[in-house]
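Let me begin by presenting the structure, written as structure tokens, before commenting on it.
Residue numbers (the numbering used here), protein chains in the order written: chain E, 226 to 795; chain Y, 110 to 471.
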């Protein structure tokens, strides 16, 4: 038995650590630990609720803007504000933009190197790579000269040290792509890095900058005026149109074809990483206002035990549905460690009881994380693109059903393949493809509204605090790229009285609850094979399928806590 | 460091274009053909690429995200040609002790020569347990890595000023790095900093091989020497007393000044209104929202954001951070009208001086 420590798992909500127990080459248990905390919930108390979006937007700069959107929805729900339809469309355009950018970056820059061997790409024949790429994509850049130039670039780069690619698991037997597919993926890794800076210009147009564009309680801060240079006008809208059409090409001619080709070589990964059997989705992309979730593009609901015949309703304001536990978390509650608390009554009292750093393992610790543990009706839930697709599928959304069936057919795998590491990664691609379709639709609708001069972007009826009730409470629900995200707010005398966030990584990456039930990361790792303890690429694959991070520092220990790699090099 | 051919050509006044043409000619002579030119260029320019490590502490990764939004150079070129980024938890391929090896080898093999880029604040509360990586505290990692560094850059407001986690009541004791290490730190504040500003700082250090000129707060004067207000294209509206009174009102639709909506442009030193964001696409004011002052120390506690400044210190575009400091709203008399009047008087005298100069030359 070996305890493999993966730390840090970075990029979302701070630093993450995973300790996995491996027996006979298979993971038998796992512990997921958040090792960074900032106390933003405490910082929010006493502040102007209209400022909250800016503070919470800084929870995450990778999925920038999603916390800002969730926050303005929470405040608007508390104060009874309805945003103008044009503002809602602009918000949808920004959110769909975030989906597309985030998923492409995740696939190429955070996840691909778990499947793609960059060193092996040097062995590829550029002509063959071009022929292959031409067989599944119409992208006109895929020529022999292009692949040859990329190969030269990587060769020249490799000659002076591999920089960010140094010390990868290159050559590990788990890498199964032919050299030509590796070369195609590496070329598109570089292209995606260049392209991702383009699509986010949509955020800059409407929100002034990216990362961290501006939002506004009651609408969006930009104004539309087709006769003014200092407003959203025809030139700005043309820029957005061009960026959308570029994105459409990149998603459908590069990302999705690459995803399918890579996936076709890793079908065995449809057997690993399934984890939990419950899926939660709050719903996203309002088409008739935020108050009408039944008209969202992605419906709200829960699927239990992979039973696709029933979708359970979700009520985030019901104090009996969503609760957070701290049985395994470095916090204390007034009511003790056994109770779960609805976020409106949430408490944030830090209480670190772990080992004094520097430490080597959290083994034997009853509490082992700065993440709280959320539950829906006492049950752990997986959240993310896969959950969105499953809830939409089970809700009878034909657009989603057709896309899912079509993709499963192309890969020639059964529906059950969805519930896996491979399924999670594929679901993210489909999520991006749907977001791309909707992004075009929202833009078309925005142009229609501009045409009839329905350009109001802000509702100022409840802007002034004197128009607010003495006390109010609200909840903002979104589907962030990484999954179900909610903020609960209480407002008292014009100031924030309590503010609690339950983010996707809290659902997926939290430690055990009071009943010792595991959350998604821990559950998904169990049963995953690890061929070489010194190069646990399999752990990284399953963790990255949830989109928590890119690079993880791994420390290996035997049961006595001895550093394994030191042993092996002695 | 030896002089490369490119360096010497630069000194002789050749452009980059000339250099590449030279390389193409050299490649053809060497039998490589035109496609070999890139390789030749890298050989002629070749010196060991400077070693760089990027640390992550209490942050949201917006600085890394901003960095990859750069347009000149694009990040691919920076990563492949300008630097050897040997450690960054955000982009590096390596995992496990292989990743740690990247960091440790860089320090051991480049003592006194490597550059450290820090993203995030360091929590000092509860003996540092609020940010631990690999079981070690952020502070201990910072001290170890910074010790033998040639230069330390604090990316963004977290590393420069503490940023959001340091806002009151600063529950974790979040601390900017210049308060923790005893060597000079280049502060590049902003939440995040502008991508091309980050690249420009990298260019100063790695291509020009020099520190940029810094102000008294350790910020590059090149980008933090002017207030957003003084370079804002909406400034004439301010001077003329034309203000947005409510979001999306008639004045907002005409692009009037956002001062009354709480804009912090008048007290914020940054390059937003000149360099702008995302390859010059826009900046907050251009898209209708006031500046929230994200590059200023303590900006989270200078709110609420939508309450306009009573007044602000200093007049005119010649004022700099060094002469004014960064206090918000300390003056009590200088209101909007007074500012406009003084500005106009100053303008008139400046115009008069220029006019006199012209006369003299004639």
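Even glycine gets a Cβ: it sits at the ideal position worked out from N, Cα and C.
Here the structure is a predicted model, which is why all the values come from computation and not from measurement.
Selected residue, minimal CA-CA separation from residue 499 of chain E, among E:750, E:579, E:377:
Nearest option by C-alpha distance: E:750.
Is any beta-carbon of chain E found at less than 9 angstroms from that of residue 272 of chain Y?
Yes, contact with chain E.
Min CB distance residue 356 of chain Y to chain E below 9 angstroms:
Judged by the 9 angstroms Cβ criterion, residue 356 of chain Y is in contact with chain E.
CA-to-CA distance, residue 563 of chain E to residue 285 of chain Y, given in whole angstroms:
One C-alpha to the other measures close to 37 angstroms.
Give the residues of chain E in contact with residue 411 of chain Y, contact being defined as C-beta atoms less than 9 angstroms apart.
In chain order: nothing, as chain E lies at least about 11 angstroms away.
What are the start and end residues of the beta strand (DSSP E) that includes residue 722 of chain E?
Taken as a continuous stretch (DSSP letters only), the beta strand (DSSP E) holding residue 722 of chain E covers 720-727.
For the alpha helix (DSSP H) holding residue 361 of chain E, just list the boundary residues, first then last.
Run containing residue 361 of chain E: 351-361, per the alpha helix (DSSP H) assignment.
Can you tell which of Y:395, Y:375, Y:313, Y:239 has its C-alpha closest to the C-alpha of residue 593 of chain E?
When each option's Cα is compared against that of residue 593 of chain E, the closest is Y:239.
At 9 angstroms on the CB atoms, spell out the chain E contacts of residue 363 of chain Y, in chain order.
Simply 448, 450, 453, 455, 456.
Going straight from the alpha carbon of residue 361 of chain E to that of residue 482 of chain E, what length do you get?
So the two alpha carbons sit approximately 6 angstroms from each other.
Distance between beta carbons of residue 290 of chain E and residue 438 of chain E, contact taken as under 8 angstroms:
Between residue 438 of chain E and residue 290 of chain E, the beta carbon gap of about 5 angstroms places them in contact (Cβ cut-off 8 angstroms).
Less than 8 angstroms separating the Cβ of residue 542 of chain E from some heavy atom of the ligand HEM?
This structure does not include the ligand HEM; it has no bound ligands of any sort.
Would you please verify whether the beta carbon of residue 285 of chain E is less than 9 angstroms from any beta carbon of chain Y?
Yes, residue 285 of chain E lies at the interface with chain Y (some Cβ there is under 9 angstroms from its Cβ).
How many angstroms separate the CA atom of residue 518 of chain E from the CA atom of residue 524 of chain E?
When rounded, the distance between both Cα atoms is 7 angstroms.
Please confirm whether residue 231 of chain E has its beta-carbon closer than 9 angstroms to some beta-carbon of chain Y.
Closer than 9 angstroms to some Cβ of chain Y, the Cβ of residue 231 of chain E qualifies, so yes.
Candidates Y:209, Y:325, Y:415: which alpha carbon is nearest residue 164 of chain Y's?
When only C-alpha atoms are compared, the closest one is Y:209.
Flag residue 427 of chain Y as yes if its beta-carbon sits less than 9 angstroms from any beta-carbon of chain E, otherwise no.
Its pLDDT being 42, under 50, residue 427 of chain Y is placed unreliably in this model, and the value from its coordinates should be taken loosely. Taking 9 angstroms as the threshold, the shortest C-beta distance from residue 427 of chain Y to chain E does not fall below it.
Sub-9 angstroms separation of residue 374 of chain Y and residue 337 of chain Y beta-carbons
Cβ distance < 9 angstroms, so residue 374 of chain Y and residue 337 of chain Y count as in contact.
Just mark residue 426 of chain E as buried or exposed, buried being the case when its beta carbon has 16 or more other beta carbons within 10 Å.
The residue is buried, with at least 16 neighbouring Cβ atoms inside 10 Å.
Where residue 266 of chain Y and residue 627 of chain E are concerned, what is the direct C-alpha to C-alpha distance, given to the nearest angstrom?
Near 46 angstroms, if we compare the C-alpha coordinates of residue 627 of chain E and residue 266 of chain Y.
Is it right to say residue 467 of chain E is buried, meaning 16 or more other beta carbons lie within 10 angstroms of its own, or is it exposed?
Exposed: under 16 other Cβ atoms inside 10 Å.
Residue span of the alpha helix (DSSP H) that contains residue 600 of chain E, given as start and end:
For residue 600 of chain E, there is no enclosing alpha helix (DSSP H); the residue is part of the beta strand (DSSP E) that begins and ends at 598-601.
Does DSSP put residue 672 of chain E in a helix, a strand or coil?
In the three-state reduction of the DSSP assignment, residue 672 of chain E falls in the helix class.
So, residue 724 of chain E versus residue 717 of chain E, is the Cβ gap smaller than 9 angstroms?
By the CB criterion at 9 angstroms, residue 724 of chain E and residue 717 of chain E fall outside the cutoff.
Near residue 605 of chain E, which residues of its chain fall below 6 angstroms by C-beta distance, leaving aside the five closest residues on each side in sequence?
Closer than 6 angstroms at the Cβ level, and outside the excluded window around residue 605 of chain E, lie 501, 742, 744.
Any chain Y beta carbon closer than 9 angstroms to residue 763 of chain E
Not an interface residue.
Counting only Cβ-Cβ distances shorter than 9 angstroms, please list the residues of the region 276-295 of chain Y near chain E, keeping chain order.
Taking 9 angstroms as the Cβ-Cβ cut-off against chain E, the residues of the region 276-295 of chain Y that qualify are 276, 277, 278, 279, 280, 281, 283.
Taking the alpha-carbon positions, what's the residue 722 of chain E to residue 270 of chain E distance?
C-alpha of residue 722 of chain E to C-alpha of residue 270 of chain E: approximately 6 angstroms in a straight line.
Give me the chain Y residues within the contact set of residue 498 of chain E, using Cβ-Cβ distance strictly less than 8 angstroms, ordered along the chain.
For a Cβ distance threshold of 8 angstroms, nothing in chain Y lies close to residue 498 of chain E: the least Cβ distance comes to about 17 angstroms.
When we look at the beta-carbon of residue 306 of chain E and count the other beta-carbons within 10 Å, is it buried (16 or more) or exposed?
Around the C-beta of residue 306 of chain E, 16 or more other C-beta atoms lie within 10 Å, and the residue is accordingly described as buried.
Among Y:404, Y:416, Y:415, Y:413, whose alpha-carbon lies nearest the alpha-carbon of residue 271 of chain Y?
If we check each option's Cα against that of residue 271 of chain Y, Y:404 comes out closest.
Whose CA, out of E:553, E:672, E:585, E:588, lies closest to the CA of residue 576 of chain E?
Shortest Cα-Cα distance from residue 576 of chain E to any of E:553, E:672, E:585, E:588 involves E:553.
Given a threshold of 16 other Cβ atoms within 10 Å of its Cβ, counted over all protein chains shown, does residue 288 of chain E qualify as buried or as exposed?
Looking at its Cβ environment, which holds 16 or more other Cβ atoms inside 10 Å, residue 288 of chain E is buried.
Close Cβ partners of residue 353 of chain E (< 7 angstroms) along its chain, the five nearest in sequence each way excluded:
So the qualifying residues of the chain are 405.
Report the option in E:382, E:280, E:338, E:449 whose CA atom is closest to the CA atom of residue 675 of chain E.
Measuring from the Cα of residue 675 of chain E, the nearest candidate turns out to be E:449.
Euclidean distance between Cα positions of residue 371 of chain Y and residue 686 of chain E:
So the alpha carbons of these two residues sit roughly 19 angstroms apart.
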